[in-house]
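Heads up: the structure comes next, in structure tokens.
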Amino acid sequence: MITRLLVANRGEIARRVFRTCRSLGVSTVAVFSDADADAPHVVEADLAVRLPGVSAAETYLDAERILAACRASGADAVHPGYGFLSESAAFARAVLDAGLVWVGPPPEAIAAMGVKIGAKRLMAEAGVPVLPSLDLVAPEEYPLLVKASAGGGGRGMRIVRGPDELAEAVESARRESAAAFGDGTVFAEPLLEWARHVEVQVLADRYGGVWTLGERECSVQRRHQKVVEECPSPGVTDATRELLYDAAARAVRKIGYVGAGTVEFLVKGDRVAFLEMNTRLQVEHPVTELVYGVDLVRLQLEVAEGAALPPSPPEPSGWAVEARLYAEDTSFVPQSGTLWRFEVTGDVRVDAGVESGSVVPPHYDAMLAKVVAYGATRAEAVRRLAGALRRAKLHGVPTNRDLLLDVLKNRDFVAGDTHTGLLDHPLPSAAATDDLAPLAAALAMAAGNRRRARVLGGLPGGWRNVRSQPRMVTFEETGPVTYDPLPPGIRVVSASPDEVVLERDGVRRTYEVAGYEPQGPLYVDHAEGAARLTPLPRLPEPAEHTAPGSLLAPMPGSVLRVEVAPGDRVTKGQTVLVLEAMKMEHRITAPADGVVSGVHVEKGRQVDAGEVLAIIQEGDS
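Residues in the sequence shown are numbered consecutively from 187, following our numbering.
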């Protein structure tokens, strides 16, 4: 029996496992890097062990340090979560060799599925449909997909549409795969465009019992990373569903799998093709839990303790949809910084690795939380999820909330017509606009100024015997906003530094306003959404200016490669250098045709956000 469980992970998955452990009376142990010293998962654990350092390689990916933490804390079992060491056969063996309970599949099963080239061969032998592998030197067809043989999560994957793109795609995929998984082996398959990405949740015990616990639709992806998932799939017929379940069960039995896992497929019409098997719990497991009424972590622990599964799984009921909330800007670049306020309310499940005041470090994955809604129907679940996201108060580090709302309100998504190319092009914006939000922010600022006034605090702000000019605030996002006199038809019901109530055409609207830093942005939350507004100073201080054509680092990171030198001619869109940050490669490209007039960094250099990397002088000289 497991008495003390160490979770070899961080963030929301560590908190998720701890939640089940508390319900079972199992003691918990967290591990943490220096960057995560104050993280919620550390606070919530019964015991916590520091892993000195900040990079993943020296902390959460260091098997020896994890095992040392087990010894120091007296843990008798290890749950790997997902990512990091969760699919390392060597780590699983080391845990078992140390006499600990491994809450995962046998090392042999992990190894069998850990290398995709070998996994495809095994699946073909088991009668599971697979896509053919293509020659990386002279492939027989395009478009194709270059894939990392090790790992997953969309890393080490590149789409190639013609021969001129092949060499760079292969090299880039190899680098990213080596950095993420320690193995740069890649292979290629035909690209099955406009297909659905559908996965089957499996669970198996050591006595031959196998459950196929429904399918999940994971087609809404960007950069091959999932954004929105749901259970069941809206586009799978009963016949295809049976084919998927049969193929998943064959995969499980072929490798002697034990525990929770996921078998992933591409589905196009009635064609089904094996993608990979994730030998761990998946990020999107909550949608299955809600539809099937199970706790997959509890089942993992029971199977690890030697329990047998009941003869058949529970019957599904209803629909669940999950949205992944990431820290990223509108260009989808991962962001780090302080999350001043994190509040997601409503009838939804929130699995979060953060809370109000959390600092999002630049060293790890940018996912903040998963917001999951359940309903009797798909429409009910989608509406409930969209409402919770719209009302969420997310202040500080930028998030992808607007993208999620665009997806949930997209016509094709609402119709259930999803595929892996849905986000290849920008979606129509569904973000609610409220032209009164800037006015509310300006009035809140004025109220705050009066509250802070040291003399004559009873007079209206900016009071004059004879008014000569209107009172206004200039926001970076909107320009000047006049609040005295008020726009025609607007009445101020009340105004304080943190709440403004306005009335127009007999309709009252309430705006909550919050600011956290002097001269920093204001966050305005209202019934239809939110706005971030940055006041500009009336008399700005002289500021340093970067040279025209400067390429700035979009985030903190490490320079992976510099592809130009001073004097080189470049064309618009040409890669100038590559940064590695938050577990991904980010290409910095030339904004226009020109000449490189300066390169300010070199390979291996750590850079801060906003740092000048290189300068491109436009034109021929």
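Idealized CB from N, CA, C, for every residue including glycine.
Given the structure is predicted, the values throughout are model-derived calculations rather than measurements.
CB-CB length for residue i against residue j, believed under 8 Å
i	j	result
Glu663	Thr720	6 Å
Trp505	Arg570	Their Cβ separation, rounded to whole angstroms, is 10 Å, which puts Trp505 and Arg570 out of contact at 8 Å.
Arg466	Gly304	Arg466 to Gly304, Cβ: 18 Å. No contact.
Val217	Val235	5 Å
Val203	Val483	5 Å
Ala434	Gln486	Wrong, their Cβ atoms sit about 17 Å apart, outside the cutoff.
Leu738	Glu788	Between Glu788 and Leu738 the Cβ distance is about 17 Å, and since that is not below 8 Å, they are no contact.
Leu625	Val667	6 Å
Thr531	Ala559	Between Ala559 and Thr531 the Cβ distance is about 12 Å, and since that is not below 8 Å, they are no contact.
Val745	Gly790	6 Å
Pro376	Leu320	7 Å
Leu688	Val699	The Cβ separation is near 12 Å, so there is no contact.
Leu308	Ala298	6 Å
Asp711	Lys579	5 Å
Val469	Leu511	No, Val469 and Leu511 are not in contact; Cβ-Cβ is about 12 Å, not under 8 Å.
Val546	Ala513	5 Å
Pro226	Ser544	7 Å
Which of helix, strand or coil DSSP assigns to residue i
i	result
Ser419	coil
Ser680	strand
His227	helix
His471	helix
Asn464	strand
Val540	coil
Tyr246	coil
Lys306	helix
Ile441	coil
Thr619	coil
Ser219	coil
Gly665	strand
Leu233	strand
Thr214	strand
Glu698	strand
Asp283	helix
Ser517	coil
Gly300	helix
In DSSP terms, what residue i is bridged to
i	result
Met553	Tyr512
Ser209	Paired residues: none, contrary to the question.
Asp794	Asp794 is not bridged to any residue.
Pro160	With the chain covering 187 to 807 only, the question about residue 160 has no answer from this structure.
Trp288	Val264
Pro704	None; Pro704 has no bridge partner.
Gln411	Arg408
Tyr478	Tyr478 is not bridged to any residue.
Leu320	Ala374
Ile802	Val782
Glu403	Val384 and Glu416
Thr448	Gln387 and Asn464
Thr131	Not covered by the structure: residue 131. The range shown for the chain is 187 to 807.
With 16 other Cβ atoms within 10 Å as the buried cut-off, status of residue i
i	result
Thr516	exposed
Phe518	exposed
Asp456	exposed
His786	exposed
Pro496	exposed
Thr398	buried
Glu475	buried
Ser680	exposed
Lys758	exposed
Arg402	buried
Ser503	exposed
Met343	buried
Gly743	buried
Tyr393	exposed
Asn635	exposed
Arg576	buried
Ser498	exposed
Met187	exposed
Ser259	buried
Gln655	exposed
His611	exposed
Val693	exposed
Leu722	exposed
Does the region 570-588 come into contact with the region 519-538, if we say contact requires no fewer than three beta-carbon pairs (one atom in each stretch) closer than 8 Å? Touching, yes, given that three or more Cβ pairs across the two stretches are closer than 8 Å.
Within 8 Å, do at least three Cβ pairs link the region 599-606 to the region 536-556? Under the three-pair Cβ rule at 8 Å, the region 536-556 does not count as touching the region 599-606.
Between the region 244-254 and the region 436-451, can you find at least three pairs of beta-carbon atoms closer than 8 Å? Counting C-beta pairs with one atom in each stretch, the region 436-451 and the region 244-254 have fewer than three that are closer than 8 Å, which means they do not touch.
Between the region 402-415 and the region 259-273, do at least 3 Cβ pairs fall closer than 8 Å? Result no; under three Cβ-Cβ pairs closer than 8 Å.
Touching by the beta-carbon criterion (3+ pairs, under 8 Å), the region 358-367 and the region 409-419: No: the two stretches stay apart, fewer than three of their Cβ pairs being nearer than 8 Å.
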